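Peer 1:
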Amino acid sequence: MSISSISDLEPSQSPKNVLLLAVGSMGDVIPFVNLGFGFRQRGHNVIIAANSRFRSLIEEKKFAFREMNWDMQHEWENTDSGRRMVKFSSYSILGSPFMFKFLKQGFQKSYSDAANVLKNVDFVVLGTGAAYMYPECLVRNIPVAYICFYPWASTKSYAGDYVASFWSDIGLLPIYNKRLKELGLPKAGRLPWLPGGAFEKNQILVIHALNKNLIQIQKNPLNPLNEVQLDYPYLSIEEELEDYVPPNDLVEFLSIKGKPIYFGYGSMHSFSDVKSRVSIWLRVMDLLPENQRALFSGVGSVESEELNDAVKNGRVFILNHVPHSWLLPQVSCVVHHGGAGTTHAVIRAGVPSIVSNNNKINKMDYLIYFWFMKIPHFADQPWWASILYHLGVAPSTGIQANAVTAEKITTELLIVLSNKEIKEKADKIGSKIRKEQKRSPVSKIVAYIEKYWEKTNWDVLTLDDEQQKIKEKEHGYHPVNENYPENEIKNVLDGNDFSLTSHDVLSAELRE
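At position 58 of the sequence shown (counting the first as 1) the number is 58 in UniProt numbering, and the numbers step up by one without a gap.
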């Protein structure tokens, strides 16, 4: 394998202090760590802002860390508003007030962090859940790009914008406008990522980091050159596994004839009781043929005699942190929560899925119902479950959160294990993705962002329509001066780019 070293790369002509603002769970942080490698190889100083539970992960990779006090996971486990949100998150109408109350408290904490987090920063990449921090960047004259790991940024090209506007305006726009007033900015009619919002008006770069084999996002006619779909920021399989040595006992378990089933719910364990989850998984194993084995991820803390017996008799193996790109091709099916990172890892591995602890979503409602946040995990999981089903690589659109049983999971597993068509479709899509990804998509994302900031005149950006028109008239051009033409975009997307060095490799596996 040949991977370029940092010394082989031509550094950027204008290195910057780049802040990656990763609000959320592990699934929000890992893609930014991968992007950080790309920015660092271009000579930029990378800072990642997240809550303190990710400090060691970020500093271990030698990135500067800045703390955001909002710890979603801690608060949904330990605060009244968080526990209520979890309790009622299966119900779109009943649960929404608790969801919005929870998010409002998080927004307020994040706003109080802005002065420290945004200090001495040249450019900010806002993560999916961090768009509400846009005004903080605007008043400090810091340019931004917005990257979504699922289609959270809505446009008039999307079916779901009216539903999204309704729910977001009711629940989140008031606290957003309260902060605008505190900053001396005009009131906004929409949140920045919605149709007619500030990202669209100011031609802010919006990157949909989604593999096109899963879904293709239509261009936004109101932001045609600065809204683009690029691949999910995987590292290449070779880069992920450069220094990985699998444990001997796991290798031995996998060497036994018959691929095991993988059970794992990512980093968001607190949305379901871990003991109950293990109990359901063990009941599934009782219902399956005796020769069927399984890998249980993220349940090492559970003390259970039944679980210990299943491990001793060789039916179950309890996993620690294992790279998905190494493990998943060696399993028969993945039972998971439907997060963006796990979904992309599973589909690249070419393995069928069952999305459990989820709510069903209708065929025509891909981009409508995910806004309702109806599941006991978070935000996008029902949307991904639906995508997997309609690609033909999952037996259903997910098992409803308030109706998950061992019997239902077993029924879906028996379909997957006996259905040749599902297996063939998963293998075909996975092979196509692996063939297309000769290099990590990270380099293309970084190159596109660099092209954008070279062309942006940040001094004329504003949240207010009338002020925008005045400034455009005064300066004689649109805020994004000389939008780079289609042929330049093609050069960025199809041209030579860089790969990541071996010592920068981070597994795509979310730390369970």
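Where a beta carbon is used, it is the ideal one built from N, C-alpha and C, also for glycine.
Keep in mind it's a predicted model, so treat the numbers as computed, not measured.
#1: Does the beta-carbon of A49 have 16 or more other beta-carbons within 10 angstroms, so that it is buried, or is it exposed?
#2: With DSSP as the reference, label Q292 as helix, strand or coil.
#3: Pick out whichever of N120, V316, K181, E242 has its Cα sitting closest to the Cα of E290.
#4: With distances taken between CB atoms, is the gap from I433 to L391 smaller than 8 Å?
#5: DSSP on F63, reduced to helix/strand/coil?
#6: At which residue ranges does the segment 201-268 contain complete beta strand (DSSP E) runs of 3 or more residues, listed in the order of the chain?
#7: Within 8 Å (strictly less), CB to CB, does P260 reach chain D?
#8: Are the CB atoms of F107 and P31 nearer to each other than 8 Å?
#9: Would DSSP call L328 helix, strand or coil?
#10: For a test of the three-state rule: what should DSSP assign to V311, helix, strand or coil?
#11: What is the C-beta distance between S353 and V346, in whole angstroms, given that I count them as a contact (C-beta under 8 Å)?
#12: So, at 8 Å on beta carbons, what are the nonlocal neighbours of R55 in its own chain, with the 5 sequence-adjacent residues on each side left out?
#13: Across which residues does DSSP place A50 in a beta bridge pair?
#14: Taking buried to mean at least 16 other C-beta atoms within 10 Å of its own C-beta, is T128 buried or exposed?
#15: If you follow the beta strand (DSSP E) that A145 is part of, which residue opens it and which one closes it?
#16: For Y477, which three-state DSSP category applies?
#17: Is DSSP giving H344 helix, strand or coil here?
#18: Helix, strand or coil: how does DSSP classify H336 here?
#19: Buried or exposed: T405, going by 16 or more other Cβ atoms within 10 Å of its Cβ?
#20: Applying the criterion that 16 or more other CB atoms from any shown protein chain within 10 Å of the CB defines a buried residue, is Q218 buried or exposed?
#21: Cβ of Y232 within 7 Å of any heavy atom in the ligand FAD?
#22: Pairing CB atoms from the segment 127-144 with CB atoms from the segment 174-190, are three or more of them under 8 Å?
#23: Buried or exposed for V251, please, with buried defined as at least 16 other CB atoms from any protein chain shown within 10 angstroms of its CB.
#24: Between the Cα of H337 and those of Y265, Q203, G27, Y111, spot the shortest distance and give me the residue it belongs to.
#25: When burial is assigned at 16 or more other CB atoms within 10 Å of the CB, is V200 buried or exposed?
#26: I need the boundaries of the beta strand (DSSP E) containing V322, first residue and last residue.
#27: With distance defined between alpha-carbon atoms, name the residue in M72, A340, G38, T397 nearest to Y232.
#28: In whole angstroms, what separates the C-alpha of H208 from that of K312?
#29: Which residues in the same chain as G38 place their Cβ atom closer than 6 Å to its Cβ, once the five residues preceding and following it in sequence are excluded?
#30: At which residues does the alpha helix (DSSP H) containing V33 begin and terminate?
#31: Please report how far the alpha carbon of V18 lies from the alpha carbon of E436, in whole angstroms.
#32: By Cβ distance, which residues of its chain are closer than 6 Å to F63, with the 5 residues on each side in sequence left out?
#33: Return helix, strand or coil for V18, following the three-state DSSP convention.
Peer 2: Taking the coordinates as given:
#1: buried
#2: It is coil, neither helix nor strand.
#3: V316
#4: no
#5: Looking at F63 - three-state DSSP - the assignment turns out to be coil, as it is neither helix nor strand.
#6: Listed in chain order, the beta strand (DSSP E) runs fully inside the segment 201-268 are 205-209, 227-230, 261-263, counting runs of at least 3 residues.
#7: Judged by its chain identifiers, the structure shown contains no chain D, having just a single protein chain.
#8: no
#9: helix
#10: helix
#11: 5 Å
#12: Only F65, E67 meet the Cβ criterion.
#13: E67
#14: buried
#15: 144-148
#16: Residue confidence for Y477 is low, a pLDDT of 35 falling below 50, so the modelled location carries little weight and cannot support an answer.
#17: helix
#18: strand
#19: Taking all protein chains shown into account, T405 has fewer than 16 neighbouring C-beta atoms within 10 Å of its C-beta and is therefore exposed.
#20: exposed
#21: With respect to the ligand FAD, the structure offers nothing, as it holds no ligand at all.
#22: Result yes; three or more Cβ-Cβ pairs closer than 8 Å.
#23: exposed
#24: Y265
#25: The residue you asked about is not Val; residue 200 is Glu in the sequence shown. E200 should be labelled buried.
#26: V322 -> no beta strand (DSSP E), and no H or E assigned at all.
#27: A340
#28: 45 Å
#29: Once the five neighbours on either side are set aside, the close Cβ partners of G38 are V442, S443, V446.
#30: 26-41
#31: 29 Å
#32: G36, V46, I48
#33: strand
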